[in-house]
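Residue numbers (our numbering): 4 to 257.
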Ligand code: IPD
Ligand code: CA
Ligand code: CA
């Protein structure tokens with residue numbers, strides 16, 4: 004499954020990268036929620052690969068929908084994470100493919116087709132970038148931390164994040180909003196960001212990324228500090244060292 008996830012993500016990434024410089028077919032599928040011809044072309048290629056090799060597995064994908072299998076395997080696919088960036092030709096986006104077993108991630112792959120970065124993990128096997136082991140950072144205090152955030156699409160989510168930032172910004176090293184949740188989670192796994200949080204994630208944004216963070220030695224919870232599950236929308240992912248300090252500032256913990 005890991006091999007197939009890597010092959011599918013790299014193939015989809017190739018399609019996205021090839022379409023990137025050309026004219027774009029962009030439509031609005033929801034409030035501030037864009038979809039392009041590249042999203043659907045990448046998704047079709049991923050589906051073809053998964054269905055040819057694992058015809059019995061369930062697939063949940065951003066554009067095509069689907070469901071999570073309660074007991075079996077489910078592929079959770081975001082064919083293009085960072086569509087707003089992509090539509091603006093802002094060069095930060097990724098392909099994210101996770102596999103769940105009984106609802107828990109066991110395989111996670113995030114591919115950045117412009118930088119040729121392939122982040123991959125399987126449960127119990129550690130995390131890798133282009134086949135080399137990666138580990139979360141050792142930054143132990145928020146004052147030195149590079150924290151990733153996202154604004155999401157909804158005003159309610161943006162308001163919550165804005166309120167959180169009033170407490171976090173004066174205390175952290177620096178803050179970045181890259182525009183691809185999956186890629187920022189992969190960066191936490193690689194130690195390039197020390198933390199990431201978002202109150203409005205969907206399963207396909209996080210399924211692969213949280214496995215990468217956990218396998219790289221980090222920690223993923225909800226904003227209240229409960230263990231993160233892919234059905235939850237709020238996620239705090241860190242190198243572990245700064246987790247409790249960040250949760251206290253997010254103030255949803257006693
Ligand atoms: C979005 C990106 C963005 C995050 C949004 C996601 P999409 O995914 O990950 O960074 O803020 O919440 O929906 O729509 O580009 O696949
Ligand atoms: Ca996404
Ligand atoms: Ca997407």
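The beta carbon of each residue, even a glycine, is placed where N, CA and C say it ideally should be.
Values in this document were obtained by computation on a predicted structure and should not be read as measured data.
{"Asked": "Contact test: residue 42 Cβ vs ligand 3 heavy atom, cutoff 7 Å", "Found": "yes"}
{"Asked": "Residue 39: CB within 7 Å of a non-hydrogen atom of ligand 3", "Found": "no"}
{"Asked": "Chain C contact for residue 123 (CB, 8 Å cutoff)", "Found": "Absent here is chain C; the protein component of the structure consists of one chain."}
{"Asked": "Nearest to residue 142 (by Cα), restricted to the options 25, 248, 252 and 30", "Found": "248"}
{"Asked": "Residues surrounding ligand 2 [beta-carbon distance to nearest heavy atom under 5 Å]", "Found": "81, 84 and 208"}
{"Asked": "Opening and closing residue of the beta strand (DSSP E) in which residue 115 lies", "Found": "107-115"}
{"Asked": "Residue 86 Cβ short of 7 Å to ligand 3 heavy atom set", "Found": "yes"}
{"Asked": "Helix, strand or coil at residue 190 [DSSP, three-state]", "Found": "helix"}
{"Asked": "Segments of 4+ residues assigned as alpha helix (DSSP H) that fall wholly inside the segment 133-184", "Found": "158-171"}
{"Asked": "Residue burial classification, residue 166 (beta-carbon count within 10 angstroms, cutoff 16)", "Found": "exposed"}
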